[in-house]
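J.:
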Amino acid sequence: MVEKSRKTQIIFHFIMIILCIFCLFPFLLLIVSSFTDEHVLIQEGYSIIPRAFSVAAYEYIFANSATIFRAYGTTIGVTVVGTVLNIALTILFAYPLSRRDLPHRNIWSFIVFFTMLFNGGLVPSYIMWTQYFHIRNTYAALIVPSLMMGAFYVIMMRTNLAQNIPEEVLEAARIDGASEWQILFKVVMPMALPIIATLMLLVGMAYWNDWMNGLYYLTQKKYYTIQVLLNNMLQDLQVLLSSSFSANVDMSSMPSTSIKMAIAVVGALPVLCIYPFFQRYFVKGITIGAVKG
Amino acid sequence: MKLKKCMALGMTVVTICSLLAGCTGDGETKTETESVAASGSTEAAGESGDLSEYFHTKDHYTLKVMAMGDADTQILEEVSAALSEITEEKLNCDVELTRIGFASYMTQLNLILSSGDALDLFIPMADPSEYVQTGQIQPITDLVERFAPNLCSSLEERDWMSMIYDGDIYGMPVNGEKGQILGFGMRKDICDELGIDYENFQSMDDLHDALVKVKEAHPDMYPVVSNAGDMFGGSTPYIGQDSCGDSNNLAVLEDPFDENGKIVSFFETDLFKETCERMYQWSQEGLIMPDASTNTDSCNTLVAAGKAFGYFQHMTPGWEIEATQNNGGIETVAWKYGVPTYIGGRSGWFVPTASGDPERAVAFFDLMYSDPTVANLVINGIEGKNYVFVDKENGVITFPEGKDATTNGYSRLEWAWPNERLSYTVEGLETNWEESDQFTESTQVPVCFGFKFDSTSVMNQITACLNVYEKYVPALLCGSLNPDETIPILNEEMEKAGIQDIVKEKQAQFDAWKAESSEN
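Protein chains in written order, with the working numbering: chain C, 1 to 293; chain F, 1001 to 1520.
(1) Hey, how far is the Cα of Asp1127 (chain F) from the Cα of Leu122 (chain C)?
(2) Among the candidates C:Gln227, C:Phe277, C:Gln279 and C:Val239, whose CA atom is the shortest distance from the CA of Val266 (chain C)?
(3) When you compare each of C:Ala151, C:Phe25 and C:Arg136 to Leu89 (chain C) by their alpha carbons, which one comes out closest?
(4) Quick check: the Cα distance between Asp1050 (chain F) and Asn86 (chain C), rounded to an integer number of angstroms?
(5) Rounded to the nearest angstrom, what separates Val1079 (chain F) and Thr1134 (chain F) at their Cα positions?
(6) When the cut-off is 9 Å and only beta carbons count, does Gly1171 (chain F) lie next to chain C?
(7) Start and end of the beta strand (DSSP E) containing Ser1265 (chain F)?
(8) Check the Cβ of Asp236 (chain C) against every Cβ in chain F and list those closer than 8 Å, keeping chain order.
(9) Can you give me the C-alpha to C-alpha distance between Met1289 (chain F) and Ile1196 (chain F), rounded to a whole angstrom?
(10) Taking the alpha-carbon of Ala206 (chain C) as reference, which of C:Val271, C:Val112, C:Leu92 and C:Ile165 has the nearest alpha-carbon?
(11) Can you give the Cα-Cα distance for Gln1202 (chain F) and Ala71 (chain C), rounded to whole angstroms?
(12) Cα-Cα, which of C:Phe277, C:Leu234, C:Tyr224 and C:Asp210 is closest to Thr83 (chain C)?
(13) State buried or exposed for Gln1500 (chain F), treating a residue as buried only when at least 16 other CB atoms are found within 10 Å of its CB.
(14) Need the endpoints of the alpha helix (DSSP H) that Gln163 (chain C) sits in, please.
(15) Are the beta-carbon atoms of Gln1136 (chain F) and Thr1353 (chain F) separated by less than 9 Å?
(16) Is the Cβ-Cβ distance between Met1231 (chain F) and Cys1478 (chain F) less than 9 Å?
(17) Taking the C-alpha atoms as reference points, what is the distance between Met1204 (chain F) and Leu1302 (chain F)?
(18) Kindly indicate which three-state DSSP category Trp1417 (chain F) falls into: helix, strand or coil?
(19) Select from F:Asp1366, F:Arg1421 and F:Gly1428 the residue whose C-alpha is nearest the C-alpha of Asn1326 (chain F).
(20) Rounded to the nearest angstrom, how far is the Cβ of Thr1425 (chain F) from that of Gly1395 (chain F), given a contact under 8 Å?
(21) By alpha-carbon positions, which one of F:Asn1419, F:Gln1461, F:Met1494 and F:Trp1513 ends up nearest to Pro1173 (chain F)?
(22) When the cut-off is 9 Å and only beta carbons count, does Ser1457 (chain F) lie next to chain C?
(23) Taking C-beta pairs closer than 9 Å, name the residues in chain F that Leu230 (chain C) reaches, listed in chain order.
(24) Determine which residues share a DSSP beta bridge with Val1224 (chain F) and list them.
(25) To the nearest angstrom, how far is the alpha carbon of Asn137 (chain C) from that of Gln220 (chain C)?
(26) Using a Cβ distance threshold of 8 Å, determine whether the region 1399–1415 of chain F contacts the region 1437–1451 of chain F, with at least three qualifying pairs required.
(27) One question on the structure: do Leu1253 (chain F) and Pro1446 (chain F) come within less than 9 Å of each other, judged by their Cβ atoms?
(28) Between Leu1250 (chain F) and chain C, is there a C-beta pair that is closer than 9 Å?
(29) Could you tell me if Ser47 (chain C) is buried or exposed, where buried requires 16 or more neighbouring beta carbons within 10 angstroms of its beta carbon?
(30) If I measure Cβ to Cβ from Trp1513 (chain F) and keep anything under 6 Å in the same chain, skipping five residues before and after, which residues do I get?
(31) At a Cβ threshold of 9 Å, is Thr219 (chain C) touching chain F?
(32) Do Phe1312 (chain F) and Gly1179 (chain F) count as a contact pair if the criterion is CB distance below 9 Å?
(33) With a 10 Å radius around its C-beta and 16 neighbouring C-beta atoms as the bar for buried, classify Ile91 (chain C) as buried or exposed.
(34) Can you tell me where the alpha helix (DSSP H) with Lys1506 (chain F) in it begins and where it stops?
(35) DSSP state of Ile135 (chain C), grouped into three classes?
(36) Tell me which same chain residues have a C-beta within less than 7 Å of the C-beta of Ile10 (chain C), skipping the five on either side of it?
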């Protein structure tokens, strides 16, 4: 690579630092306001330096730990199981598609492409999931609807495998007497590690942040994930105000601002901790195909 | 198809006539209504025996009921089990109760209704006209009389009016507060401190003077705040007009009580102009919080934090007690202005078209409406877990130790259930139903009460107008925009969006409705 001049470096660093501040500032504000006293928050507004330090919001979370930690556990469970299942399905679909000798390859590809571009819409999906698969009010409601919705991931992985795993490697494996399963597990998967890690990160994030499935398919509180819980807390007031019952309800019983912030912090924390470890794969997984191209 | 409609119409006439016969005008003395009610209840007892026999000849069924509010799954199961014990004997069915918090209630309900999922009885969160227009709920005209005898015997004719669409009864109205009035709520301690005589305000000018005093004495406090962006309570800024047949506030009656009133564009009325001008003036004087239209805190939160003096809201009798509780114990008083308006029975319970057994659904509503045990189960949950008695004789309850309204596991939304009058009252929040009845009697009935606007033919115009509405109206009503400049722009954009089509269509339907109702 050509050495960039010092001037350009400074300019690019400057731009990056500004962008970084744009990203970090709201997050910092979120954390600080979760530690600020509720009354002060309303009286003085948000500020970067807490005017009155308080851990009341976190005390509330721990006092309601039954609900919140249950939701937390559900989120972790759903994310782990969902990610593993999703990646397994994606590999099992994408790997055959990447092979040129797959019979009717075009039809399979078409199915993936078509469903990526067009889907059934909300109500038909709802009818299918609730009346034929009966997933309402089960943990499956949080996992299954997102499982095969990742046509994009399948295509991404198929392209990546097709470009990075030379035909010769597979041939060599076959000559050595490996079965198709052995080729998949012992040859293809180790070679595809960067893209698998990248997809795991994407899928995992999608599961962690998902609240739509909870909104549609859950009516029982015990199945709520942390995101569903948080979304409900945030939306309650807004939805109520747009209904005809706004005059009837005691609005003060809605969770306060600092509690919302604290739950948002608790919800985002694990992602923050995990992200750095996946990051190196992330960059590699996305660029590797192009570089070797 | 035609025949069916004719028959339905015939049934409506019969039902309404019989209702009329049951309840003579409300001017008549109370003793008569009481005697009617008394005879009604003995009759009902006999009839419910028949009903139970009737249902026992039919197959066992599980009734699915859905209502608003958060509740723990385990508590819901217990309540459902307790309900089923009662309904097993009376209706030969089990009850499965679902409660969903406000945030997802509408989404869930719409999904269930449009997918034709199993549901037998629910309370909607929005105007039910849409469900009628799409055929998602069914008419129950010929069911209510037989299967809801207690409801029929206690309702006045006008209570049904809001539940009738195209001549058919679709819903069963709840029994609660039936009137409301406009008001301005404020902190009592500051009124006392500054000698504000809130009870004898004559006009908005008096309120204005009081607010100026507050501003001078407490510069760190906003004299007027909005409720999460809404100045006049809720998304329908009811400032004296009547939205007339829907809840959009686009084509309205400027004076709800004028027999000869014409439908006009809300934004061309003097009422709207005056209100916006007043709010703008107040806002310029610093009497209104600066970012009122984008404020996301509720007015109660702001008062409780000592940041606000007062706010506008719709009020019912006993509002002060509730407001004091909502404002974190800061004693709140109110100046009530405008005309006490009859709104009775606006919310009701409905039976989806997909219901497997509308007869039992109606009968179960009647049970919630008339049976105190059932009513208290659905409203308050389980004794000892969700509430404890303070005074069992008078039915006064409180939350168990260490719990409050948000953490007791079964949120108490008494107004969303069929009959809140049967419910125990929470200590400190006792509702005085006599006062409420007196207030209801003092209310005036808007001329368009019972009129339903069928918006199908002007759907596009409504969507376009609502977009324009969102752009300007909340900010105008919060005094953030200069009305002299903005109202002309608003009206111009409204014209382009087709507000006159809505006005014309509504006027035509309103005229037809008036002609029809005067015939009866």
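All residues carry an ideal CB built from backbone N, CA and C; glycine is no exception.
T.: Working from what's here:
(1) The count along the second sequence starts at 1 and reaches residue 1127 (chain F) at position 127. The count along the first sequence starts at 1 and reaches residue 122 (chain C) at position 122. Computed Cα separation, rounded: 22 Å.
(2) Translated into positions along the first sequence, residue 266 (chain C) becomes position 266. Comparing Cα positions, the closest option is C:Gln227.
(3) On the first sequence, position 89 is the one that residue 89 (chain C) refers to. For Leu89 (chain C), the nearest C-alpha among the options comes from C:Ala151.
(4) The count along the second sequence starts at 1 and reaches residue 1050 (chain F) at position 50. The count along the first sequence starts at 1 and reaches residue 86 (chain C) at position 86. Near 57 Å, if we compare the C-alpha coordinates of Asn86 (chain C) and Asp1050 (chain F).
(5) Within the second sequence, numbered from 1, the residue matching residue 1079 (chain F) stands at position 79. Within the second sequence, numbered from 1, the residue matching residue 1134 (chain F) stands at position 134. Those two C-alpha atoms are separated by around 32 Å.
(6) Here residue 1171 (chain F) refers to the residue found at position 171 of the second sequence. Chain C contact via Cβ: absent.
(7) What you label residue 1265 (chain F) is simply residue 265 of the second sequence in a count that begins at 1. In the DSSP annotation of this structure, the continuous segment of the beta strand (DSSP E) that includes Ser1265 (chain F) starts and ends at Ile1263 to Ser1265.
(8) Locating residue 236 (chain C) in the first sequence gives position 236, counting from the first residue. Residues of chain F passing the Cβ test: Gly1101, Phe1102 and Ala1103.
(9) Reading the second sequence from its first residue, position 289 is the one you call residue 1289 (chain F). Reading the second sequence from its first residue, position 196 is the one you call residue 1196 (chain F). So the alpha carbons of these two residues sit roughly 21 Å apart.
(10) One-based indexing of the first sequence puts residue 206 (chain C) at position 206. Measuring from the Cα of Ala206 (chain C), the nearest candidate turns out to be C:Val271.
(11) Taking the first residue of the second sequence as 1, we reach residue 1202 (chain F) at position 202. Taking the first residue of the first sequence as 1, we reach residue 71 (chain C) at position 71. Approximately 53 Å, taken between the alpha carbons.
(12) Taking the first residue of the first sequence as 1, we reach residue 83 (chain C) at position 83. Per the C-alpha coordinates, the member of C:Phe277, C:Leu234, C:Tyr224 and C:Asp210 positioned closest to Thr83 (chain C) is C:Asp210.
(13) Your numbering for residue 1500 (chain F) matches position 500 in the second sequence. Exposed: under 16 other Cβ atoms inside 10 Å.
(14) As a first step, residue 163 (chain C) must be located in the first sequence, where it is residue number 163. In the DSSP assignment, Gln163 (chain C) falls within the alpha helix (DSSP H) that extends over Ala151 to Asn164.
(15) Position 136 of the second sequence, counted from the first residue, corresponds to residue 1136 (chain F). Position 353 of the second sequence, counted from the first residue, corresponds to residue 1353 (chain F). Taking 9 Å as the Cβ cut-off, Gln1136 (chain F) and Thr1353 (chain F) qualify as a contacting pair.
(16) Your numbering for residue 1231 (chain F) matches position 231 in the second sequence. Your numbering for residue 1478 (chain F) matches position 478 in the second sequence. In this structure, Met1231 (chain F) sits near Cys1478 (chain F), with a CB-CB distance shorter than 9 Å.
(17) Walking along the second sequence from the start, residue 1204 (chain F) turns up at place 204. Walking along the second sequence from the start, residue 1302 (chain F) turns up at place 302. Looking at the two C-alpha atoms, the distance is approximately 22 Å.
(18) If you number the second sequence from 1, residue 1417 (chain F) lands on position 417. When DSSP states are grouped into helix, strand and coil, Trp1417 (chain F) belongs to the coil group.
(19) Position 326 of the second sequence, counting from 1, holds the residue named residue 1326 (chain F). It is F:Gly1428 whose Cα lies nearest to the Cα of Asn1326 (chain F).
(20) The residue you call residue 1425 (chain F) lines up with position 425 of the second sequence. The residue you call residue 1395 (chain F) lines up with position 395 of the second sequence. Contact check for Thr1425 (chain F) and Gly1395 (chain F): beta-carbon distance about 7 Å, within the 8 Å limit, so the pair qualifies.
(21) One-based indexing of the second sequence puts residue 1173 (chain F) at position 173. Considering only alpha carbons, the answer is F:Asn1419.
(22) Residue 1457 (chain F) sits at position 457 when you count from the first residue of the second sequence. By this cut-off, Ser1457 (chain F) is not an interface position.
(23) Your numbering for residue 230 (chain C) matches position 230 in the first sequence. By Cβ distance, chain F contributes nothing, its closest Cβ being about 10 Å from Leu230 (chain C), past 9 Å.
(24) Reading the second sequence from its first residue, position 224 is the one you call residue 1224 (chain F). Secondary-structure assignment with DSSP links Val1224 (chain F) through a beta bridge to F:Ile1288 and F:Gly1310.
(25) One-based indexing of the first sequence puts residue 137 (chain C) at position 137. One-based indexing of the first sequence puts residue 220 (chain C) at position 220. Taking the straight line from one Cα to the other gives about 6 Å.
(26) No: fewer than three Cβ pairs fall under 8 Å.
(27) In the second sequence, residue 1253 (chain F) corresponds to position 253, counting from 1. In the second sequence, residue 1446 (chain F) corresponds to position 446, counting from 1. Yes, the Cβ-Cβ distance between Leu1253 (chain F) and Pro1446 (chain F) is below 9 Å.
(28) Translated into positions along the second sequence, residue 1250 (chain F) becomes position 250. Not an interface residue.
(29) On the first sequence, residue 47 (chain C) is found 47 positions in, with the first residue counted as 1. Burial call: exposed.
(30) Taking the first residue of the second sequence as 1, we reach residue 1513 (chain F) at position 513. Excluding residues within five positions, the ones whose Cβ falls inside 6 Å are Phe1451.
(31) Position 219 of the first sequence, counted from the first residue, corresponds to residue 219 (chain C). At least one chain F Cβ lies under 9 Å of Thr219 (chain C).
(32) In the second sequence, the residue the question calls residue 1179 (chain F) occupies position 179. In the second sequence, the residue the question calls residue 1312 (chain F) occupies position 312. Between Gly1179 (chain F) and Phe1312 (chain F), the C-beta gap is not smaller than 9 Å, which leaves the two residues out of contact.
(33) Taking the first sequence and counting its residues from 1, the one referred to as residue 91 (chain C) is at position 91. Per the 10 Å Cβ criterion, buried.
(34) Residue numbering aside, residue 1506 (chain F) sits at position 506 when the second sequence is read from its first letter. Under the DSSP assignment, Lys1506 (chain F) falls in the alpha helix (DSSP H) whose first and last residues are Ile1499 to Glu1519.
(35) Residue 135 (chain C) sits at position 135 when you count from the first residue of the first sequence. Note: Ile135 (chain C) maps to coil in three-state DSSP.
(36) To locate residue 10 (chain C), count along the first sequence from 1; it is residue 10. None.
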